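Reviewing the structure listed below.
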Amino acid sequence: MLGRIHSIETFGTVDGPGLRYVLFMQGCLLRCQFCHNPDTWKRSEGKQVSVAEIIKEIEDYQPFFEAAGGGVTVSGGEPLLQLDFLAALFRELKQRGIHTAIDTSGGCYSSSPTFRKKLDEVLDLTDLVLLDLKQINADKHQKLTGMSNRHILDFAAYLDERHVPVWIRHVLIPGKTDIDEDLTKLSRFISTLTNVEKIDVLPYHQLGVYKWKELGLDYPLEGTEPPTEDRVENAKRILHAAL
155 MLGRIHSIET FGTVDGPGLR YVLFMQGCLL RCQFCHNPDT WKRSEGKQVS
205 VAEIIKEIED YQPFFEAAGG GVTVSGGEPL LQLDFLAALF RELKQRGIHT
255 AIDTSGGCYS SSPTFRKKLD EVLDLTDLVL LDLKQINADK HQKLTGMSNR
305 HILDFAAYLD ERHVPVWIRH VLIPGKTDID EDLTKLSRFI STLTNVEKID
355 VLPYHQLGVY KWKELGLDYP LEGTEPPTED RVENAKRILH AAL
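Counting in my numbering, the sequence shown runs from 155 upward without gaps.
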């Protein structure tokens with residue numbers, strides 16, 4: 155089974171519990187204005203690798219994962235665009251007792267029977283989902299990412315239905331997602347879910363701007379500064395009320 159990847163991080167510390175082997179998949183349907191990996195967007199780019207290749211490399215790091223309570227996180231891009239590869243990879247990982255996590259925006263989620271069948275196969279092998287909820291307001295989400303959030307919220311509800319443990323991630327962007335009314339509505343939505351273990355507020359940063367310039371793209375948030383510490387703490391207070 156082949157998958158198309160963008161890159162690999164062998165000792166990730168922010169993409170799930172413990173030390174993580176992080177596999178960044180190629181391809182994404184969203185066009186987030188704040189994306190720090192726009193070079194992952196095109197599904198035809200990246201590098202093709204086999205499950206066997208990835209497993210061989212991961213086995214070298216397994217003792218470190220076990221000692222640090224870590225595992226493997228598949229991120230992107232959007233990993234759910236490659237469900238067949240994900241299922242084959244996670245099947246091998248679970249046979250080795252390795253913790254599995256998916257970092258996803260849910261942007262390609264569909265309620266179609268074909269997609270659901272493949273997704274269920276992956277979720278049966280998934281220990282944790284890191285779910286990016288970018289903006290609760292549908293119109294603002296459309297402007298920010300190029301796509302509505304309705305199916306993404308449906309995906310969150312489906313993960314709850316399936317009792318899949320979830321960590322919510324919210325990128326805090328001044329003027330875009332750092333709005334008390336929207337944060338309160340997002341908190342209310344999260345409070346309807348029974349499977350949320352953690353909520354992370356991620357302050358917006360400009361570390362990926364150079365990639366936009368290298369790709370010849372205009373950066374939509376030019377001039378936007380990271381949020382202040384007070385606003386980060388405010389967002390945490392509002393969102394953590396959902397737990």
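Glycine included, every Cβ here is placed at the ideal spot set by N, Cα and C. These numbers come from a predicted model, not from an experiment.
Cα-Cα separation between residue i and residue j, rounded to whole angstroms
i, j, result
"residue 267", "residue 251", "30 Å"
"residue 292", "residue 324", "15 Å"
"residue 310", "residue 353", "13 Å"
"residue 100", "residue 197", "Outside the shown range of the chain, which is 155 to 397, sits residue 100, and nothing can be said about it."
"residue 287", "residue 322", "7 Å"
"residue 246", "residue 339", "40 Å"
"residue 271", "residue 158", "21 Å"
"residue 282", "residue 213", "20 Å"
"residue 186", "residue 373", "10 Å"
"residue 370", "residue 205", "33 Å"
"residue 279", "residue 387", "35 Å"
"residue 216", "residue 203", "19 Å"
"residue 265", "residue 230", "22 Å"
"residue 395", "residue 163", "33 Å"
"residue 194", "residue 346", "32 Å"
"residue 377", "residue 383", "18 Å"
"residue 312", "residue 269", "13 Å"
"residue 160", "residue 166", "15 Å"
DSSP three-state assignment for residue i, whether helix, strand or coil
i, result
"residue 327", "coil"
"residue 282", "strand"
"residue 317", "coil"
"residue 288", "coil"
"residue 202", "strand"
"residue 295", "helix"
"residue 354", "strand"
"residue 165", "strand"
"residue 364", "helix"
"residue 244", "helix"
"residue 158", "strand"
"residue 333", "coil"
"residue 194", "helix"
"residue 322", "strand"
"residue 184", "coil"
"residue 254", "strand"
"residue 347", "coil"
"residue 227", "strand"
"residue 403", "Lying outside 155 to 397, the shown extent of the chain, residue 403 is not represented and no answer is given."
"residue 237", "helix"
"residue 393", "helix"
Contact belief for residue i with residue j at Cβ below 8 Å, rounded distance in angstroms
i, j, result
"residue 238", "residue 155", "6 Å"
"residue 261", "residue 232", "6 Å"
"residue 478", "residue 173", "With the chain represented from 155 up to 397, any question about residue 478 goes unanswered, as that position is not in the structure."
"residue 350", "residue 397", "7 Å"
"residue 284", "residue 169", "7 Å"
Proximity below 8 Å, CB of residue i to CB of residue j
i, j, result
"residue 275", "residue 241", "yes"
"residue 228", "residue 256", "yes"
"residue 188", "residue 307", "no"
"residue 389", "residue 332", "yes"
"residue 366", "residue 171", "no"
"residue 137", "residue 392", "Lying before the first or after the last residue shown, residue 137 is absent from the chain, which here runs from 155 to 397."
"residue 300", "residue 235", "no"
"residue 305", "residue 364", "no"
"residue 361", "residue 190", "yes"
"residue 259", "residue 184", "yes"
I'd like to know if the region 324-333 and the region 345-359 are in contact, where contact means that at least 3 CB-CB pairs between them fall below 8 Å. yes
Evaluate contact between the region 315-324 and the region 295-306, counting only Cβ atoms and requiring at least three cross-stretch pairs below 8 Å. no
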